[in-house]
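Numbering (the working numbering), first residue to last: 416 to 692.
Laid out in structure tokens, this is it:
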């Protein structure tokens, strides 16, 4: 997984996104490309929209894109990461675009990359946006890596797979295989109160071991806790620095109304999360 995309929007946890992306890229001696991110424009704009509004916003978007570029470049230079032109075959960085792109364009462009790194969405003004995470998750065809609010110190040394026996988690596990093979320890975590019909955690761990992954299976009861809370607490207790999770085993609408593990993790995860739909 050598090609890493980082959509850059100047939200409150962007430094953690940069750190998480670089930690991931270092594991594969890979390439990190930043691109300026902004909200999508409406598909249709009224013909009588004031010209001054349009021009002013275009200037603002350009200024935001320039600042995003500067912060991304400063981070990479401080970390002594060379540009891709200077080191085309090793760890390097680059930048795409001079004006902000909307979520739909980012999710389309992400199809060229192995993974897209984003901030964990938040409810406060200035936090990373849920719309970006869901666009990348459902429209890119690629996995995403959610950075926690506080930058991690390590990534991918101890990996916990939130195994609920579902198709979505099976896909996420398969996509994360390059990461799992580099991990020192992989734990297949099952919450018995919250699973669907499918292979057991021990069966998945056995399959991973057959593929050269140092995996073991663990069960932890949710008791009175919700599924998402039990996953986060279990992963933290097991010393994980990366969680692998399939997204939305239940429908998105159901989770929006009633809650669910994906919704909880998107809102509360305190460690990096590798996720696919």
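Beta carbons are placed, not taken as given, at the ideal position from N, Cα and C, and that holds for glycine. In this text the structure is predicted, and so the values were computed from the model without any measurement.
Review point. How many angstroms separate the CA atom of residue 669 from the CA atom of residue 677?
Key: For the purposes of this step, residue 669 is identified with residue 254 of the chain shown, where counting begins at 1. For the purposes of this step, residue 677 is identified with residue 262 of the chain shown, where counting begins at 1. Below a pLDDT of 50, predicted positions are generally treated as unreliable, and residue 669, at 39, falls in that range; the measurement from the model is reported next regardless. Roughly 11 Å separates the two Cα atoms.
Check your understanding: Could you give the distance in angstroms between the alpha-carbon of residue 482 and the alpha-carbon of residue 633?
Key -> By one-based count along the chain shown, residue 482 stands at place 67. By one-based count along the chain shown, residue 633 stands at place 218. So the two alpha carbons sit approximately 45 Å from each other.
Point to revise | C-alpha gap between residue 503 and residue 563, whole angstroms | key: Your numbering for residue 503 matches position 88 in the chain shown. Your numbering for residue 563 matches position 148 in the chain shown. Roughly 29 Å separates the two Cα atoms.
Exercise for review: Taking the CB atoms as reference points, tell me whether residue 534 and residue 429 lie closer together than 8 Å.
Suggested key: Counting from one through the chain shown, the residue named residue 534 turns up at place 119. Counting from one through the chain shown, the residue named residue 429 turns up at place 14. Yes, the pair counts as a contact, with Cβ atoms nearer than the cut-off.
**Study point:** Candidates 642, 643, 595 and 560: closest to residue 692 by CA position
**Key:** Walking along the chain shown from the start, residue 692 turns up at place 277. Ranking the options by Cα distance to residue 692, first place goes to 560.
Practice item. Have a look at residue 611 and residue 579 and give me their C-alpha separation to the nearest angstrom. Key: One-based indexing of the chain shown puts residue 611 at position 196. One-based indexing of the chain shown puts residue 579 at position 164. The straight-line gap from Cα to Cα measures roughly 6 Å.
Check your understanding: What do you reckon, are the CB atoms on residue 512 and residue 499 nearer than 8 Å?
Key -> In the chain shown, residue 512 corresponds to position 97, counting from 1. In the chain shown, residue 499 corresponds to position 84, counting from 1. Cβ distance not < 8 Å, so residue 512 and residue 499 don't count as in contact.
Review point. Given that a residue counts as buried once 16 or more other Cβ atoms are within 10 Å of its Cβ, and exposed if not, what is residue 431?
Key: Residue mapping note: residue 431 aligns to position 16 of the chain shown, counting from 1. Answer is buried; the Cβ neighbour count reaches 16.
Review point. Beta carbon of residue 519, beta carbon of residue 476: below 8 Å?
Key: Here residue 519 refers to the residue found at position 104 when the chain shown is read from its first residue. Here residue 476 refers to the residue found at position 61 when the chain shown is read from its first residue. Contact flag unset, no.
Point to revise | Secondary structure of residue 606, DSSP reduced to three states | key: Walking along the chain shown from the start, residue 606 turns up at place 191. DSSP places residue 606 in coil when its eight states are reduced to three.
Review point. Counting along the chain, where does the beta strand (DSSP E) carrying residue 690 start and finish?
Key: Taking the chain shown and counting its residues from 1, the one referred to as residue 690 is at position 275. Its beta strand (DSSP E) spans residues 688-691.
Practice item. Specify, as a first and last residue, the run of the alpha helix (DSSP H) that residue 622 falls within. Key: The residue you call residue 622 lines up with position 207 of the chain shown. 616-625 is the span of the alpha helix (DSSP H), which, as asked, contains residue 622.
Practice item. Could you check the C-alpha separation between residue 650 and residue 687 for me, to the nearest Å? Key: Here residue 650 is taken as the residue at index 235 of the chain shown, counted from 1. Here residue 687 is taken as the residue at index 272 of the chain shown, counted from 1. The straight-line gap from Cα to Cα measures roughly 11 Å.
Review point. Under 8 Å between the Cβ atoms of residue 630 and residue 594?
Key: The residue given as residue 630 occupies position 215 in the chain shown. The residue given as residue 594 occupies position 179 in the chain shown. No, these two residues do not count as a Cβ contact at 8 Å.
Point to revise | Limits of the unbroken beta strand (DSSP E) element including residue 507 | key: Indexing the chain shown from 1 puts residue 507 at position 92. Counting along the chain, the beta strand (DSSP E) containing residue 507 begins and ends at 507-510.
Check your understanding: Since residue 450 is in the beta strand (DSSP E), which residue starts that stretch and which ends it?
Key -> On the chain shown, residue 450 is found 35 positions in, with the first residue counted as 1. Secondary structure note for residue 450: its beta strand (DSSP E) is the uninterrupted segment 446-451.
Practice item. For the beta strand (DSSP E) containing residue 573, list its first residue and its last residue. Key: In the chain shown, counting from the first residue as 1, residue 573 sits at position 158. Note, residue 573: beta strand (DSSP E), 573-577.
**Study point:** Separation of residue 609 from residue 644, as counted between CA atoms
**Key:** Position 229 of the chain shown holds residue 644. Position 194 of the chain shown holds residue 609. Rounded to whole angstroms, residue 644 to residue 609 spans 12 Å at the Cα level.
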